[in-house]
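Numbering (our numbering), first residue to last: 84 to 757.
Reading through the structure tokens given below for one structure.
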Amino acid sequence: MYQTLTNRLREALAAHIREKYGVNVEIVLERPPKLEMGEAASPVCFELAKRLKKAPRQIAQEIAASLGKVEGVARLEVAGGGYLNAYFDRGAFWDSAQKEGSGERQSPSSNQQKIIVEHTSINPNKAAHIGHVRNAVLGDTMVRILRHAGKRVQIQNYIDNTGVQVADVVIGLLRMEQRTISNVKMLAKEPKFDYYCWDLYAKATSFFAENPERAAKLRAETLKAIEDGRGEAAEVAQVLADAIVTCHLQTMARLDIHYDLLARESEILHLKFWDTAFEMLKQSGAIHLATSGKMKGCWVLPWEEKATINTEASESTKGTEKKKTPAEEDENEQDKIIVRSNGTVTYVGKDIAYQLWKFGLLGKDFCYRRWPNAPNGQTVWATTSRRSEPDAPHFGDPAATVYNVIDARQAYLQDVVAEGLRRLGHEEAAKNSIHFAYEIVALTPRCAAELNYELSPEEAKKPYVEVSGRKGFGVKADDLIDKLEAATSSEVQQRHPEMSEKEQKRTAHAIAVGALRFFLLKFTRNSIIAFDFKDALSFEGETGPYCQYAVVRIRGIRRRGAETLTQTATSKVNSDAAGRFLSAAEGADLWELVLSAGSLDYAVDASIATQEPSFVAKYAFQLAQAFNNFYHRHHILSEADAEKRAFLLQLTEFVEAQLVRAVSLLGIEAPEKM
RNA sequence: GCGCCCGUAGCUCAAUCGGAUAGAGCAUCAGAUUUCUAAUCUGAGGGUUCGGGGUUCGAGUCCCUGCGGGCGCGCCA
Numbered sequence: 084m085y086q087t088l089t090n091r092l093r094e095a096l097a098a099h100i101r102e103k104y105g106v107n108v109e110i111v112l113e114r115p116p117k118l119e120m121g122e123a124a125s126p127v128c129f130e131l132a133k134r135l136k137k138a139p140r141q142i143a144q145e146i147a148a149s150l151g152k153v154e155g156v157a158r159l160e161v162a163g164g165g166y167l168n169a170y171f172d173r174g175a176f177w178d179s180a181q182k183e184g185s186g187e188r189q190s191p192s193s194n195q196q197k198i199i200v201e202h203t204s205i206n207p208n209k210a211a212h213i214g215h216v217r218n219a220v221l222g223d224t225m226v227r228i229l230r231h232a233g234k235r236v237q238i239q240n241y242i243d244n245t246g247v248q249v250a251d252v253v254i255g256l257l258r259m260e261q262r263t264i265s266n267v268k269m270l271a272k273e274p275k276f277d278y279y280c281w282d283l284y285a286k287a288t289s290f291f292a293e294n295p296e297r298a299a300k301l302r303a304e305t306l307k308a309i310e311d312g313r314g315e316a317a318e319v320a321q322v323l324a325d326a327i328v329t330c331h332l333q334t335m336a337r338l339d340i341h342y343d344l345l346a347r348e349s350e351i352l353h354l355k356f357w358d359t360a361f362e363m364l365k366q367s368g369a370i371h372l373a374t375s376g377k378m379k380g381c382w383v384l385p386w387e388e389k390a391t392i393n394t395e396a397s398e399s400t401k402g403t404e405k406k407k408t409p410a411e412e413d414e415n416e417q418d419k420i421i422v423r424s425n426g427t428v429t430y431v432g433k434d435i436a437y438q439l440w441k442f443g444l445l446g447k448d449f450c451y452r453r454w455p456n457a458p459n460g461q462t463v464w465a466t467t468s469r470r471s472e473p474d475a476p477h478f479g480d481p482a483a484t485v486y487n488v489i490d491a492r493q494a495y496l497q498d499v500v501a502e503g504l505r506r507l508g509h510e511e512a513a514k515n516s517i518h519f520a521y522e523i524v525a526l527t528p529r530c531a532a533e534l535n536y537e538l539s540p541e542e543a544k545k546p547y548v549e550v551s552g553r554k555g556f557g558v559k560a561d562d563l564i565d566k567l568e569a570a571t572s573s574e575v576q577q578r579h580p581e582m583s584e585k586e587q588k589r590t591a592h593a594i595a596v597g598a599l600r601f602f603l604l605k606f607t608r609n610s611i612i613a614f615d616f617k618d619a620l621s622f623e624g625e626t627g628p629y630c631q632y633a634v635v636r637i638r639g640i641r642r643r644g645a646e647t648l649t650q651t652a653t654s655k656v657n658s659d660a661a662g663r664f665l666s667a668a669e670g671a672d673l674w675e676l677v678l679s680a681g682s683l684d685y686a687v688d689a690s691i692a693t694q695e696p697s698f699v700a701k702y703a704f705q706l707a708q709a710f711n712n713f714y715h716r717h718h719i720l721s722e723a724d725a726e727k728r729a730f731l732l733q734l735t736e737f738v739e740a741q742l743v744r745a746v747s748l749l750g751i752e753a754p755e756k757m
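Written out as structure tokens, the structure reads:
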């Protein structure tokens with residue numbers, strides 16, 4: 084509601100200023116520091132002062148006097164050196180907010196442009212850790228927010244099932260442990276297979292370190308075999324990757340994270356996506372074959388400081404590589420290898436093909452089948468090189484915007500991918516391919532010590548220690564969720580011995596998920612999270628459980644109210660009465676709560692505009708805080724004035740609706756009791 | 001060496017396109033419960049927004065510079 088109203092005010096001001104002064108200005112609206120200064124304010128007159136060569140305060144006075152009625156705004160006042168402060172019509176705000184609060188979310192129209200959010204994308208060779216969870220939670224939350232705003236969103240999880248990381252564990256299984264294929268198949272069916280591979284991957288890493296030459300040879304052979312899809316290694320890779328993906332899906336399902344499509348790298352290769360993209364890149368001259376230097380035999384993407392598409396690039400088609408001058412050869416230190424000298428393609432190359440497909444620019448599509456082991460009977464689609472199932476959705480429809488949730492360390496590689504698109508002439512796609520970057524989750528030294536990790540002297544000095552899948556060092560997602568559930572369980576058992584065991588479990592789970600997701604969402608994306616069990620297991624203050632608790636309190640009031648009050652005592656109040664309560668001298672805190680509850684759309688808008696899910700987390704916390712404050716000041720059910728009691732009850736219901744909606748955007752469920 | 005990011009209260013973090021008196025949580029201290037659940041609330045202390053210049057009516061935010069830290073620059077991803 085807040086956003087709707089301020090948009091209206093913004094448009095009215097812009098139109099009025101254009102008409103009155105003949106200038107086009109962007110109207111900046113901010114929230115005044117104090118409620119006595121109104122609900123929205125604009126410093127636009129300072130900007131106008133420059134253009135009109137008049138005192139800002141004078142302009143503000145002129146505008147305040149001449150701007151006609153704006154629906155929902157009671158009055159406009161001039162403040163400070165020339166601020167325009169808008170005061171809302173509280174009764175009207177209450178009315179419209181109620182309507183909006185009871186409405187369901189916008190449903191996407193079928194002709195709406197498609198948005199793809201790619202997230203999670205964990206290498207399928209080991210268990211998921213806390214850093215992967217940050218990725219998934221960020222992506223999943225952004226999806227929820229976009230969908231809430233009526234966008235058509237498709238969720239993809241990229242499965243790098245033919246990469247080096249999978250190859251390493253394949254070598255671990257076949258060479259180090261001398262397992263047979265049937266043995267690996269059995270092993271993959273056992274519980275916690277992802278944990279097993281977690282350890283094996285770490286062992287493989289040290290095995291490679293012992294003899295780097297042998298390692299390089301083994302890796303290259305295995306990787307090539309996997310890419311070609313032939314032989315024992317390829318079969319083991321498939322069994323391994325499929326089993327681990329299933330583990331990841333289960334882990335993420337615990338956090339209520341699901342996917343529409345698992346896009347597998349093996350299909351990018353087998354369905355010749357890469358070959359097609361390779362041809363395009365060669366034809367356009369975007370990449371060339373290095374004939375000398377240390378990259379001899381590789382296909383490389385030239386990379387300069389201000390790499391842009393130019394006429395030279397389009398001229399340099401076939402044969403250019405043979406004409407390269409020695410000077411140019413010297414430049415290629417910075418060039419990015421797309422195809423290795425042994426003919427295998429790098430991740431960047433495959434990603435260019437994948438991005439082209441996302442935007443419908445490849446002229447090809449995958450085939451689709453249901454993933455056989457989706458958690459709790461849900462449907463997840465996966466790419467396949469065989470025939471599509473007849474009812475498969477059209478995943479190949481081109482997207483207008485793509486969010487790629489990938490950690491900040493890969494910024495350079497993402498730039499290379501975008502540059503690849505640009506060099507193919509797809510400037511728009513490059514622009515709409517968003518690297519939704521986030522910083523890593525590291526561990527505090529204390530947390531590292533708890534995990535029996537031996538810190539080097541340099542590491543001990545730092546405020547955090549980076550996790551490493553290769554070293555097998557990190558907090559595994561399932562372990563963390565288990566730990567959280569254990570902590571919330573004991574708390575719930577203590578507080579609610581009357582609950583059935585099943586109900587206790589469900590409640591504890593909801594709180595554990597609330598704690599974890601909120602913890603990962605309260606920081607901005609750019610902030611490194613120094614993980615510590617103490618902070619993550621905290622349920623007080625700025626946390627998910629705090630928000631959930633506010634909802635639980637409201638539900639308690641509603642339950643008790645339904646028991647003790649008659650129907651007439653809970654009837655709706657009219658807007659005049661509401662306006663009276665909200666405008667009364669002692670109604671300031673009530674108005675603050677109404678305003679906060681009516682500002683969800685504002686938080687959602689800001690969140691989308693800045694691509695920052697933390698906005699919604701902050702909003703949910705602030706609303707919960709405003710409610711808890713209100714809760715202590717007003718005893719609702721014992722309010723003597725029946726009309727006021729009805730109003731307070733209706734207010735709590737409104738807060739409940741908005742708060743439940745806000746936390747659901749964060750993927751957090753509010754339990755009935757806790 | 002080159003490129004990107006960051007430096008805000010004791011700690012962890014906010015602060016919309018450059019807007020009014022820089023805000024939260026944690027921690028510390030002092031209080032609140034015969035009450036709709038204390039996983040809560042009230043209050044207190046705590047700041048040269050890393051230093052120095054500049055632009056501007058206005059700078060935590062933009063520019064320059066110095067200092068300190070992180071990350072990236074693999075025929076890994």
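Idealized CB from N, CA, C, for every residue including glycine.
Here the structure is a predicted model, which means the values were calculated and not measured.
Whole-number beta carbon distance between residue j and residue i, since they are thought to touch under 8 Å
i	j	result
I370	W382	5 Å
L507	S367	5 Å
M757	I594	6 Å
A613	A598	Contact flag wrong, Cβ pair sits at about 17 Å.
D343	Q237	5 Å
I33	E310	Nothing about residue 33 can be read from this structure; the chain reaches only from 84 to 757.
Y629	A707	6 Å
A560	L445	Not a contact, Cβ separation roughly 33 Å.
Buried or exposed by the 16-neighbour rule on C-beta atoms within 10 Å, applied to residue i
i	result
V252	buried
Q631	buried
H718	exposed
T462	exposed
S83	Outside the shown range of the chain (84 to 757) lies residue 83, about which nothing can therefore be said.
N393	Confidence in N393 is poor, its pLDDT being 33 and thus under 50, which makes the residue's placement unreliable; the coordinate value appears in the next sentence. Classification for N393: exposed.
M84	buried
M378	buried
M269	exposed
R217	buried
K234	buried
M259	exposed
E510	exposed
T206	A small correction: the amino acid at residue 206 is Asn; Thr does not occupy that position in the sequence shown. N206 comes out buried.
L349	Residue identity differs from the one stated: residue 349 is Ser in this sequence, not Leu. Its Cβ being crowded by 16 or more others within 10 Å, S349 is buried.
V226	buried
K514	exposed
E502	buried
I100	buried
D418	buried
A512	buried
Per DSSP, cross-strand counterpart(s) of residue i
i	result
A613	A525
I199	Q237 and V485
W48	Lying outside 84 to 757, the shown extent of the chain, residue 48 is not represented and no answer is given.
Y170	R158
S125	L167
H212	K559
S551	F556
E113	A124
What are the start and end residues of each continuous beta strand (DSSP E) run of 3 or more residues lying completely inside the stretch 311–371, in chain order? 344–347
Would the stretch 545–557 count as touching the stretch 317–327 if we require 3 or more Cβ pairs under 8 Å? The stretch 545–557 is not in contact with the stretch 317–327.
Let me know the beta strand (DSSP E) ranges lying completely inside the stretch 442–492, each 3 residues or longer, listed in chain order. 450–453, 464–467 and 484–490
To test your reading of the DSSP string, which unbroken alpha helix (DSSP H) runs of 4 or more residues are found completely within the stretch 631–668? 658–666
Should the stretch 489–498 be called in touch with the stretch 220–230, which here means at least 3 C-beta pairs below 8 Å? By the Cβ criterion, the stretch 489–498 is not in contact with the stretch 220–230, since fewer than three pairs of Cβ atoms, one from each stretch, lie closer than 8 Å.
Counting beta carbon pairs with one atom in the stretch 196–216 and one in the stretch 473–490, are three or more of them shorter than 8 Å? yes
Ignoring anything shorter than 4 residues, give me the alpha helix (DSSP H) runs that lie fully in the stretch 723–751, in order along the chain. 725–748
Please give me, in chain order, every unbroken run of the beta strand (DSSP E) with length at least 3 that falls completely inside the stretch 495–525. 516–521
Is it true that the stretch 273–280 meets the stretch 322–340, where meeting means three or more beta-carbon pairs spaced less than 8 Å apart? yes
If we count Cβ pairs, one from each stretch, closer than 8 Å, do we get three or more for the stretch 720–739 versus the stretch 632–644? By the Cβ rule, the stretch 720–739 counts as touching the stretch 632–644, because three or more pairs are nearer than 8 Å.
Taking three-plus beta-carbon pairs below 8 Å as touching, is the stretch 121–138 in contact with the stretch 161–168? Between the stretch 121–138 and the stretch 161–168, the count of C-beta pairs closer than 8 Å reaches three or more; the two stretches touch.
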